[in-house]
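Q:
In our numbering, the protein residues as written are 4 to 452.
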């Protein structure tokens with residue numbers, strides 16, 4: 004018989020935690036951890052900030068670097084049931100660049116104005132970093148211990164390759180994650196207003212794989228005034244055009260099928276996903292705003308993003324290059340490779356510039372049920388639906404350790420707040436009330452996990 008205490012009945016987070024989550028979000032935004040790629044980032048000041056506050060909560064954070072200044076923080080909270088699997092709760096400390104001239108407020112001001120916290124990282128993802136800190140510190144003040152061990156990880160380099168962050172931790176320090184079977188992190192459990200009276204909360208249960216490609220065409224260099232039947236730029240342009248215009252076939256994964264079924268039911272739309280004539284595009288056309296949750300993930304994708312050729316207008320270069328942002332649905336890599344071979348043809352070579360696996364997490368699991376229950380406890384009118392992310396997170400790296408990842412960084416957002424536009428966008432911001440909701444939900448889930 005399990006005699007461990009029922010943590011779901013423990014006192015809710017206190018007012019101090021609600022104040023701290025705003026302060027921590029603002030403070031972390033003010034610490035500029037811009038990741039420009041190519042190693043141009045320094046997360047250490049933010050890592051020191053969170054480590055200091057974890058230590059003040061009675062934990063023993065470990066700071067780890069593969070590269071000087073690219074700092075990760077890991078700490079473990081011991082649970083009351085030593086036989087239970089551990090849970091990983093992780094967030095990244097780096098952010099994408101922001102141009103101050105484009106913003107209403109300075110992107111690294113962390114300004115709190117009219118009940119909203121402004122700045123780069125307010126949504127991606129210093130808000131969740133702050134929520135984790137606030138909950139852990141509230142537990143320390145009130146003597147709460149979770150049932151299962153909880154490993155807290157703050158990572159570097161998520162906004163680039165994760166080589167200095169989650170990849171480094173998974174490859175070089177797997178012992179810190181001993182016993183972890185599941186994890187939660189960004190990009191899920193936010194309010195998505197699908198229409199009047201329909202507030203959805205997509206919880207991440209999958210990610211498409213990353214397939215960033217480098218293309219190279221080789222030709223015969225020569226004078227720009229001469230006929231040249233082996234022009235590398237022409238070869239590359241033809242291949243890029245084929246890739247950009249290609250219509251990928253529908254491939255429905257279990258997570259996406261579950262999402263489509265639930266969304267159709269919520270909209271009162273009959274849908275037999277197993278019917279021979281089922282048309283996913285026709286169904287999405289009836290889902291209105293909610294279609295945005297599934298449209299990017301019913302297929303593989305390949306978007307040309309960068310071109311590099313030539314050095315003078317009257318010189319035909321001997322080679323030309325390009326980059327393509329490819330994404331693969333779970334189980335779609337073989338099709339992706341075969342299709343790229345066909346689209347590039349014999350005149351253009353391609354290789355993976357950066358590749359990460361696609362992920363799936365079960366939506367019929369006890370964990371997903373507890374994530375759903377935590378949201379519905381604090382927003383009974385909300386509807387939790389499974390969600391496959393079009394991009395990727397650090398969950399990909401931690402999956403090497405056998406950790407199943409869910410996207411769960413809860414926020415209750417007002418109608419008209421475009422959450423998706425906040426990611427890497429101008430005027431990124433988060434309402435204070437959304438942070439308070441997130442702390443309450445995260446506290447409740449982690450106590451029940």
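For each residue, glycine too, the CB sits at the ideal point set by N, CA and C.
Can you name the start and end residues of the beta strand (DSSP E) that residue 217 belongs to?
A: Your numbering for residue 217 matches position 214 in the chain shown. Note, residue 217: beta strand (DSSP E), 212-221.
Q: Counting only runs that start and end within the segment 282-364, where is the beta strand (DSSP E) found for 3 or more residues in a row?
A: Qualifying beta strand (DSSP E) stretches, in chain order: 304-312, 322-331, 351-359.
Q: Going by the beta-carbon positions, is the gap between residue 242 and residue 220 smaller than 8 Å?
A: Numbered from 1 along the chain shown, position 239 holds the residue referred to as residue 242. Numbered from 1 along the chain shown, position 217 holds the residue referred to as residue 220. The answer is yes: Cβ separation under 8 Å.
Q: What are the residues that DSSP puts in a beta bridge with residue 66?
A: Here residue 66 refers to the residue found at position 63 when the chain shown is read from its first residue. Note: residue 66 sits in a beta bridge opposite 76.
Q: Pick helix, strand or coil for residue 188, following the three-state DSSP scheme.
A: Residue numbering aside, residue 188 sits at position 185 when the chain shown is read from its first letter. Residue 188 falls in the strand class under three-state DSSP.
Q: Residue 416 lies in the beta strand (DSSP E); which residues open and close that run?
A: Stepping through the chain shown from its first residue, residue 416 is reached at position 413. Segment: none, residue 416 is in no beta strand (DSSP E) and carries neither H nor E.
Q: In this structure, does DSSP put residue 232 in helix, strand or coil?
A: If you number the chain shown from 1, residue 232 lands on position 229. Residue 232: coil per DSSP, three-state reduction.
Q: Exposed or buried, residue 137, counting other C-beta atoms within 10 Å across all chains shown (16 or more means buried)?
A: Mapped onto the chain shown, residue 137 falls at position 134. Classification for residue 137: buried.
Q: CB-CB under 8 Å to residue 125, same chain, minus the five flanking residues each way: which ones, in chain order?
A: As a first step, residue 125 is located in the chain shown; it is residue number 122 there, counting from the start. Taken in chain order, the residues that qualify are 28, 32, 425, 431, 432, 433.
Q: Distance, Cα to Cα, residue 21 vs residue 262?
A: The sequence position of residue 21 within the chain shown is 18, counting from 1. The sequence position of residue 262 within the chain shown is 259, counting from 1. So the alpha carbons of these two residues sit roughly 32 Å apart.
Q: Taking the alpha-carbon positions, what's the residue 353 to residue 282 distance?
A: Taking the chain shown and counting its residues from 1, one reaches residue 353 at position 350. Taking the chain shown and counting its residues from 1, one reaches residue 282 at position 279. Roughly 33 Å between the two C-alpha positions.
Q: State the Cα-Cα distance for the pair residue 440 and residue 206, rounded to the nearest angstrom.
A: Within the chain shown, numbered from 1, the residue matching residue 440 stands at position 437. Within the chain shown, numbered from 1, the residue matching residue 206 stands at position 203. Their backbone Cα atoms lie some 15 Å apart in a straight line.
Q: Beta-carbon within less than 6 Å of residue 76's beta-carbon, same chain only, minus the 5 sequence neighbours each way: which residues are those?
A: If you number the chain shown from 1, residue 76 lands on position 73. Counting only Cβ-Cβ distances below 6 Å, and skipping sequence neighbours, we find 50, 53, 54, 64, 66, 157.
Q: When you compare the CB positions of residue 422 and residue 193, do they come within less than 8 Å of one another, or not?
A: In the chain shown, residue 422 corresponds to position 419, counting from 1. In the chain shown, residue 193 corresponds to position 190, counting from 1. Yes. Within cutoff.
Q: Alpha carbon to alpha carbon, what distance is there between residue 373 and residue 6?
A: Position 3 of the chain shown, counting from 1, holds the residue named residue 6. Position 370 of the chain shown, counting from 1, holds the residue named residue 373. Per-residue confidence for residue 6 stands at a pLDDT of 38, beneath the threshold of 50, marking its modelled position as unreliable; the derived number appears in the next sentence. When rounded, the distance between both Cα atoms is 20 Å.
Q: Run the CB neighbour count on residue 256, radius 10 Å, all protein chains shown included, and call it buried at 16 or more, exposed below.
A: Here residue 256 is taken as the residue at index 253 of the chain shown, counted from 1. Buried, by the Cβ-count rule.
Q: Quick check on residue 165: does DSSP put it in helix, strand or coil?
A: Within the chain shown, numbered from 1, the residue matching residue 165 stands at position 162. Note: residue 165 maps to coil in three-state DSSP.
Q: Inspect the CB distances between the segment 142-157 and the segment 85-99 and report whether three or more fall short of 8 Å.
A: They touch, by the three-pair rule.
Q: What separation, rounded to the nearest whole angstrom, lies between the Cα atoms of residue 415 and residue 59?
A: Within the chain shown, the letter at position 412 stands for residue 415. Within the chain shown, the letter at position 56 stands for residue 59. So the two alpha carbons sit approximately 29 Å from each other.
Q: Helix or strand or just coil, what does DSSP make of residue 272?
A: Start at 1 with the first residue of the chain shown, and residue 272 comes out as number 269. Three-state DSSP puts residue 272 in coil, outside helix and strand.
Q: Pick from 446, 336, 419: whose alpha carbon is nearest that of residue 413?
A: Numbered from 1 along the chain shown, position 410 holds the residue referred to as residue 413. Cα-wise, what sits closest to residue 413 is 446.
Q: Would you mind working out which of 36, 105, 62 sits nearest residue 73, comparing C-alpha positions?
A: Locating residue 73 in the chain shown gives position 70, where the first residue counts as 1. Ranking 36, 105, 62 by Cα distance to residue 73 puts 36 first.
Q: Applying the criterion that 16 or more other CB atoms from any shown protein chain within 10 Å of the CB defines a buried residue, is residue 226 buried or exposed?
A: The count along the chain shown starts at 1 and reaches residue 226 at position 223. Counting Cβ neighbours within 10 Å, residue 226 comes out exposed, since fewer than 16 surround it.
Q: Please report the straight-line C-alpha distance between residue 131 and residue 185, rounded to a whole angstrom.
A: The residue you call residue 131 lines up with position 128 of the chain shown. The residue you call residue 185 lines up with position 182 of the chain shown. Cα to Cα, the separation comes out at about 17 Å.
Q: Can you give me the Cβ contacts of residue 39 inside the same chain, cut-off strictly under 8 Å, excluding the 5 residues immediately before and after it?
A: Taking the first residue of the chain shown as 1, we reach residue 39 at position 36. Excluding sequence neighbours, residue 39 sits near 100.
Q: Do the segment 232-247 and the segment 374-390 touch if we need at least three Cβ pairs shorter than 8 Å?
A: The segment 232-247 is not in contact with the segment 374-390.
Q: Nearest-angstrom Cα distance between residue 304 and residue 365?
A: Numbered from its first residue, the chain shown carries residue 304 at position 301. Numbered from its first residue, the chain shown carries residue 365 at position 362. So the two alpha carbons sit approximately 23 Å from each other.
Q: Using a 10 Å radius around the Cβ and a threshold of 16 neighbouring Cβ atoms, would you call residue 444 buried or exposed?
A: By one-based count along the chain shown, residue 444 stands at place 441. Label assigned to residue 444: buried.
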